[in-house]
Amino acid sequence: MTRQAPMVLTIVPVAALLAALQATTPPYAMLTGPIRTTGHQTETVLSTTFGVKVHRVLKAGTIAYARFGRAVQLQTSGVWIVVSAELRAFQKTMPVRAATLIGASGRSYRQSRRAGEAPGILSAKVVQPGLPTTGIFVFELPDDETLGMKLVLSEQYDPQLKDEIGVFLEDDGTASRDRLEIGKDGV
Amino acid sequence: MVFDGERKMWWLSLASLPALVAVAVVINAWRNIENYRHRIETDITQGPDHLDYAGATWRLENVRLLGDGRDAKLRLPGQMRLVIVRLVATATRDIGDAWGQCEVSLTDGTGRRWLPLDVSLSNDISRDLDPGREPVSGCGITSLKPPPKDHAALIEEKFVVPAEAVPVLSVKLSTAALRPKAIGFALDLN
Amino acid sequence: MTRKMSRAWLTKLLAGAGGLLAAALSLGYSLYEQREADMIPQVEAATPVEAGRWKVSVSRSTIDAAMPNGARISPGKKAVVVEMMLENISAESSNLYGNLIKLANVHDASKPQYYLKRDRAILWDLHPRMPEAVTAVWEVPATLSLPTVLRLRIEGAIFKPRDNLYAAPGWFPSGSVAEVALPLNVGIEP
Numbered sequence: 019m020t021r022q023a024p025m026v027l028t029i030v031p032v033a034a035l036l037a038a039l040q041a042t043t044p045p046y047a048m049l050t051g052p053i054r055t056t057g058h059q060t061e062t063v064l065s066t067t068f069g070v071k072v073h074r075v076l077k078a079g080t081i082a083y084a085r086f087g088r089a090v091q092l093q094t095s096g097v098w099i100v101v102s103a104e105l106r107a108f109q110k111t112m113p114v115r116a117a118t119l120i121g122a123s124g125r126s127y128r129q130s131r132r133a134g135e136a137p138g139i140l141s142a143k144v145v146q147p148g149l150p151t152t153g154i155f156v157f158e159l160p161d162d163e164t165l166g167m168k169l170v171l172s173e174q175y176d177p178q179l180k181d182e183i184g185v186f187l188e189d190d191g192t193a194s195r196d197r198l199e200i201g202k203d204g205v
Numbered sequence: 198m199v200f201d202g203e204r205k206m207w208w209l210s211l212a213s214l215p216a217l218v219a220v221a222v223v224i225n226a227w228r229n230i231e232n233y234r235h236r237i238e239t240d241i242t243q244g245p246d247h248l249d250y251a252g253a254t255w256r257l258e259n260v261r262l263l264g265d266g267r268d269a270k271l272r273l274p275g276q277m278r279l280v281i282v283r284l285v286a287t288a289t290r291d292i293g294d295a296w297g298q299c300e301v302s303l304t305d306g307t308g309r310r311w312l313p314l315d316v317s318l319s320n321d322i323s324r325d326l327d328p329g330r331e332p333v334s335g336c337g338i339t340s341l342k343p344p345p346k347d348h349a350a351l352i353e354e355k356f357v358v359p360a361e362a363v364p365v366l367s368v369k370l371s372t373a374a375l376r377p378k379a380i381g382f383a384l385d386l387n
Numbered sequence: 593m594t595r596k597m598s599r600a601w602l603t604k605l606l607a608g609a610g611g612l613l614a615a616a617l618s619l620g621y622s623l624y625e626q627r628e629a630d631m632i633p634q635v636e637a638a639t640p641v642e643a644g645r646w647k648v649s650v651s652r653s654t655i656d657a658a659m660p661n662g663a664r665i666s667p668g669k670k671a672v673v674v675e676m677m678l679e680n681i682s683a684e685s686s687n688l689y690g691n692l693i694k695l696a697n698v699h700d701a702s703k704p705q706y707y708l709k710r711d712r713a714i715l716w717d718l719h720p721r722m723p724e725a726v727t728a729v730w731e732v733p734a735t736l737s738l739p740t741v742l743r744l745r746i747e748g749a750i751f752k753p754r755d756n757l758y759a760a761p762g763w764f765p766s767g768s769v770a771e772v773a774l775p776l777n778v779g780i781e782p
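Structure follows, in structure tokens:
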């Protein structure tokens, strides 16, 4: 017994240590996932490659804009949320194509492609370093998901080892308007 | 005696284990490292005049700065400026595919990079500035049909940059086969 | 036989029996799975069916001469149109409804194109907790004879929070969840 005691005394703690390491290893999806930076709507949230300052968050039942001279009006079974923001790039020319709203229940609502051709949609623009770009993101979601929303932006959806910015939007309880016109100069 | 030899072999194997693991990791990672090196531009030859690169001699032909009203009456809002860079490449040998994935960018001294405008927007701007003339192709399109030996090709790329970066801009060009080597020319805009 | 020889025989026998038992179990299980798969629950039209990410309730089907967004059908083809209410019951927006419904008794049916009735345009993403009236259109050769009652198979998926390869969350197909019988009407062009 005493001959095996030192061996057992080393094996058991080492096994415990290895088991603890294995249990606490972050999953692969997190290790190769986005590099997260979070902030509030009141501040400019900066990551290494880009930054965002959210200006206004508007809620409406219908949105309307003109596309190639034709008037487009879009209805939804929930509400439209239009977020106007300013984007900045710090290192190189980049698009910010991925915009998601995380609702009150934690569900993710990607920006609406139905309104993808409204004027000023930021995912269609390219941000140059040194030149902040303003525009809007348009989302549609159920009305009860619009409290405690978080806006998540990144260059592409499901970023892998790239920056992702999360901005907690304020609950200022703005009244929802019936109809929101999106003009060339924004909302 | 046999026991001693065996024990020595055992310790030798144990000691060589970290080295072997390191070698295995490096060999497996070698391809990834090579791929990464082929995407970045670290070895930049800055040229005053002519530079040899990818089977051709390159020179900076023309640079235009638009947006402040001095050139072409085009006025851009705020700090936005349009820089149009033209390069001429004279082929010194048969190029073939050597210009594949060629990238042109503007850099300032601090590491910021501006990539060129996409082809359709660039062509629209060319037609606005010079109606009636065929727009000059960028590097990507020219790399598909490079000039034959001893012939020259004109390449034009457009960039949108902030006015404060204009005095320190230089243009950088690289091709996939020769990256991380790249060539650069200072634009010397005032 | 000596005792040593009979022990060797016993070992071989046990090894062989173990292998045969494993093969028999595997065959039995796959036969059992095959049997289970043939029984697909039959569902009435206009009843909601939960299938993985989606809750779908098929209402009617027609043969139409034009796409729901007004576009023309490819020459030599006709359109089988199925109208339904579709809701995303997962936790994020998704456009992965392409494999949700299969036509069980129409051969050569290509992948359906989905349209949003509200906009009379192509359907993109559907967002969680927002059911929409949606039409799915299959283009089939005009000469194909279609049955009077269309049998639609609704394919399900299961969610695994940690899959076996990357320990990452994912949806995996799990076979047919329900089958709906819809009478196929010939559409009246509006």
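If you read the sequences in order, they're chains A, B and C. Our numbering applies: residue 19 is where the first sequence begins, and numbers increase by one. Our numbering applies: residue 198 is where the second sequence begins, and numbers increase by one. Our numbering applies: residue 593 is where the third sequence begins, and numbers increase by one. Where is the CB? At the ideal position from N, CA and C, for every residue including glycine.
Beta-carbon proximity list for residue i, same chain, < 6 Å, skipping 5 on both sides
i	result
residue 350 of chain B	286, 339 and 344
residue 293 of chain B	none
residue 782 of chain C	Because the pLDDT of residue 782 of chain C is 44, which lies under 50, any placement of that residue in the model is unreliable, and the number read from its coordinates should be weighed accordingly. Answer for residue 782 of chain C: no residue qualifies.
residue 748 of chain C	643, 644, 766 and 769
residue 377 of chain B	234, 237, 238, 239 and 240
residue 282 of chain B	260, 354 and 368
residue 104 of chain A	71, 150 and 152
residue 383 of chain B	367
residue 116 of chain A	172, 174 and 175
residue 679 of chain C	647 and 723
Pairwise C-alpha distance: residue j and residue i
i	j	result
residue 727 of chain C	residue 745 of chain C	16 Å
residue 429 of chain B	residue 372 of chain B	This structure leaves residue 429 of chain B out entirely; chain B is present only between 198 and 387.
residue 165 of chain A	residue 120 of chain A	10 Å
residue 184 of chain A	residue 39 of chain A	30 Å
residue 45 of chain A	residue 742 of chain C	45 Å
residue 689 of chain C	residue 705 of chain C	10 Å
residue 106 of chain A	residue 148 of chain A	7 Å
residue 783 of chain C	residue 200 of chain A	The requested residue 783 of chain C does not occur in the structure, where chain C is confined to residues 593 to 782.
residue 695 of chain C	residue 662 of chain C	23 Å
residue 93 of chain A	residue 331 of chain B	44 Å
residue 259 of chain B	residue 280 of chain B	10 Å
residue 298 of chain B	residue 161 of chain A	48 Å
residue 97 of chain A	residue 193 of chain A	12 Å
residue 208 of chain B	residue 29 of chain A	19 Å
residue 648 of chain C	residue 641 of chain C	5 Å
residue 67 of chain A	residue 759 of chain C	29 Å
residue 231 of chain B	residue 224 of chain B	11 Å
residue 360 of chain B	residue 182 of chain A	28 Å
residue 34 of chain A	residue 26 of chain A	12 Å
Whole-number beta carbon distance between residue j and residue i, since they are thought to touch under 8 Å
i	j	result
residue 159 of chain A	residue 127 of chain A	5 Å
residue 386 of chain B	residue 366 of chain B	6 Å
residue 218 of chain B	residue 303 of chain B	At roughly 44 Å, the Cβ-Cβ gap does not stay under 8 Å, so residue 218 of chain B and residue 303 of chain B are not in contact.
residue 763 of chain C	residue 692 of chain C	Contact flag wrong, Cβ pair sits at about 12 Å.
residue 175 of chain A	residue 137 of chain A	The pair is not a contact, with the Cβ atoms about 23 Å apart (cut-off 8 Å).
Neighbour-count burial assignment, residue i, 16 or more Cβ in a 10 Å radius
i	result
residue 242 of chain B	exposed
residue 155 of chain A	buried
residue 85 of chain A	exposed
residue 24 of chain A	exposed
residue 659 of chain C	buried
residue 220 of chain B	exposed
residue 670 of chain C	buried
residue 354 of chain B	buried
residue 196 of chain A	exposed
residue 257 of chain B	buried
Contact with chain D by residue i, beta-carbon distance below 8 Å
i	result
residue 126 of chain A	In the structure shown, chain D does not exist; the protein chains are A, B and C.
Nonlocal neighbours in the same chain, by C-beta distance under 7 Å from residue i, ignoring five residues either side
i	result
residue 272 of chain B	264 and 266
residue 59 of chain A	72, 185, 186, 187 and 188
residue 716 of chain C	687
residue 703 of chain C	690
Residues near residue i in its chain [Cβ-Cβ closer than 8 Å; skip 5 each side]
i	result
residue 87 of chain A	none
residue 180 of chain A	52, 53, 67, 172, 173 and 174
### Query
Just by C-beta distance, which residues in the segment 683 to 716 of chain C are closer than 8 Å to chain A?
683, 684, 685, 708, 710, 711, 713 and 716
#### Entry: Selection of the segment 247 to 262 of chain B by Cβ proximity to chain A, strictly under 7 Å
none
### Query
Using a beta-carbon distance cut-off of less than 7 Å, what residues from the segment 152 to 185 of chain A approach chain C?
158, 159 and 160
### Task
Anything in the segment 715 to 747 of chain C with a Cβ closer than 8 Å to a Cβ of chain A? List those residues in chain order, please.
716, 717, 719, 720, 721, 722, 723 and 724
### Task
Check distances from the C-beta atoms of the segment 742 to 776 of chain C to those of chain A and list, in chain order, the residues that come in under 8 Å.
754, 758, 759, 760 and 761
### Task
Output, in sequence order along the chain, the residues in the segment 41 to 68 of chain A whose CB is closer than 7 Å to any CB in chain C.
45, 46 and 47
### Task
Could you please tell me which residues of the segment 128 to 149 of chain A, in chain order, have their CB closer than 7 Å to any CB of chain C?
128, 131 and 132
### Contacting positions in the segment 92 to 110 of chain A - beta carbon closer than 8 Å to chain C
92, 93, 94, 95 and 96
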